[in-house]
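Visitor:
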Amino acid sequence: MTMHVDLPEETLAGVLAKAFGNRSFLIGFVITLLVAAVALLSFLWTPYDVTKLVIADKTQAPSAAHWFGTDHFGRDILSMIMVGARNSIAVALVAVGIGMGIGVPLGAFAAARGGLADEALMRVNDLVFAFPALLSAIMITAIFGPGAVNAIIAIGIFNIPVFARVARAGALAIWPREFILAARAAGKGMTEITVEHILPNIATLLLVQGTIQFALGILAEAGLSYVGLGAQPPMPSWGRMLFDAQTRMVTAPWMAIFPGMAIVVTVLGLNLLGDGIADILDPKSRRQR
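Each residue of the sequence shown is one higher than the one before, counting from 332 in my numbering.
#1: Suppose you measure from the CA of residue 441 to the CA of residue 500; what does that come to, to the nearest Å?
#2: DSSP puts residue 388 in a beta bridge; with which residues?
#3: Counting pairs of beta carbons, one from the region 545 to 563 and one from the region 415 to 427, are three or more of them closer than 8 Å?
#4: Might you give, ordered along the chain, the residues of its own chain that have their beta carbon closer than 6 Å to the beta carbon of residue 443, omitting 5 neighbours on each side?
#5: Can you find at least 3 beta carbon pairs, one from the region 449 to 457 and one from the region 511 to 518, that sit closer than 8 Å?
#6: Specify the secondary structure class of residue 522 as computed by DSSP and reduced to three states.
#7: Is it a yes or a no for the region 477 to 488 touching the region 551 to 570, going by three-plus beta-carbon pairs under 8 Å?
#8: If you follow the alpha helix (DSSP H) that residue 515 is part of, which residue opens it and which one closes it?
#9: Compute the Euclidean distance between the alpha carbons of residue 456 and residue 446, then round it to the nearest angstrom.
#10: Going by DSSP, what residue range makes up the alpha helix (DSSP H) through residue 494?
#11: With a CB to CB cut of under 6 Å and the five nearest residues on each side skipped, what residues in its chain are close to residue 606?
#12: Could you compute how far the alpha carbon of residue 551 sits from the alpha carbon of residue 534?
#13: For residue 349, which of helix, strand or coil comes out of DSSP?
#14: I want to know whether the region 465 to 472 touches the region 402 to 418 - three or more CB-CB distances under 8 Å.
#15: Please confirm if the region 594 to 613 is in contact with the region 352 to 367, defined as three or more CB-CB distances below 8 Å between the two stretches.
#16: So, at 6 Å on beta carbons, what are the nonlocal neighbours of residue 486 in its own chain, with the 5 sequence-adjacent residues on each side left out?
#17: Can you tell me the Cα-Cα spacing of residue 529 and residue 505, whole angstroms?
#18: Quick one, which of 393, 376, 410, 491 has its alpha-carbon nearest residue 438's?
Encoded structure:
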């Protein structure tokens, strides 16, 4: 039996032409690519050592020597933003991977089984969803202490019910379709149908949700670092940089402006990218950019 996928029958060239003709996708892709490039570059090079304190250079305004200025310890803010980018991306990426890796199978299983199993899983899902990432991080930190790993766990746990709901809703819309009934008549089991037919048909939905959760993961990581529950010094973090800048908004506003802009631009780029992907891959989309 031929697998049915609800995607438009277009060649790769056609999809690429549609992608680069979509302003939302193009802008989001460029922004996301630049942020990823900066994060990768920070592994090889930064203008200054982010772990080196130079008190004599503290709170210097942006200049030719320090394009984004320096913080209250004399550290170069541009260098810290570069290193902070890889920390934010890593935390958000792993957290989304945890949420998707656990939530999607749970949601697909709930939709396939139905009945009491579906009801029980969704009630547990609602219970987990009731605890925001910040509250989960506080509880985890109380047991294991603050750190990037615990932030990943907290954000990942928060993402599980999100992906479970999306996967379940998408799967429930596919199960009554004729090609699924044909697959069942051919003797295919629940797991086989889910893997071969359900997941490919909700892949676009999951991809778009993944970009949204990735953006939210970066915001959550910044929030956790802001309250001291994320990456710990001397590892730079955009949220920690904002925390350090809050008492210096008048004397050194660049300490808050540049990490704040990094967060805004990154989240904006990911949201535009997700919006563009939805336009390109969703055959029912009629939005014009």
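Beta carbons: idealized from backbone N, C-alpha and C, even for Gly.
Guide: With the given structure in hand:
#1: Numbered from 1 along the sequence shown, position 110 holds the residue referred to as residue 441. Numbered from 1 along the sequence shown, position 169 holds the residue referred to as residue 500. Approximately 10 Å between the Cα atoms of the pair.
#2: Here residue 388 is taken as the residue at index 57 of the sequence shown, counted from 1. Paired residues: none, contrary to the question.
#3: yes
#4: Along the sequence shown, read from residue 1 onward, the residue named residue 443 stands at position 112. Excluding sequence neighbours, residue 443 sits near 521, 525.
#5: no
#6: The residue given as residue 522 occupies position 191 in the sequence shown. Reduced to three states, the DSSP call for residue 522 is helix.
#7: yes
#8: Within the sequence shown, the letter at position 184 stands for residue 515. 509 to 516 is the extent of the alpha helix (DSSP H) around residue 515.
#9: Here residue 456 refers to the residue found at position 125 of the sequence shown. Here residue 446 refers to the residue found at position 115 of the sequence shown. Across the structure, residue 456 and residue 446 are spaced so that their CA atoms are roughly 15 Å apart.
#10: Residue 494 sits at position 163 when you count from the first residue of the sequence shown. 479 to 505 is the extent of the alpha helix (DSSP H) around residue 494.
#11: Within the sequence shown, numbered from 1, the residue matching residue 606 stands at position 275. Contacts found: 355.
#12: Working through the sequence shown from its first residue, we reach residue 551 at position 220. Working through the sequence shown from its first residue, we reach residue 534 at position 203. Cα atoms of residue 551 and residue 534: separation of roughly 25 Å, rounded to the nearest angstrom.
#13: As a working note, residue 349 is residue 18 in the sequence shown. Of the three classes helix, strand and coil, the one that applies to residue 349 here is helix, per DSSP.
#14: Contact between the region 465 to 472 and the region 402 to 418 is absent, because fewer than three Cβ pairs lie under 8 Å.
#15: yes
#16: As a first step, residue 486 is located in the sequence shown; it is residue number 155 there, counting from the start. Excluding positions up to five away in sequence, the list reads 426, 464, 548, 551.
#17: Residue mapping note: residue 529 aligns to position 198 of the sequence shown, counting from 1. Residue mapping note: residue 505 aligns to position 174 of the sequence shown, counting from 1. Straight through space, the alpha carbons of residue 505 and residue 529 are spaced by roughly 7 Å.
#18: Indexing the sequence shown from 1 puts residue 438 at position 107. Comparing Cα-Cα distances from residue 438 to each of 393, 376, 410, 491, the minimum goes to 491.
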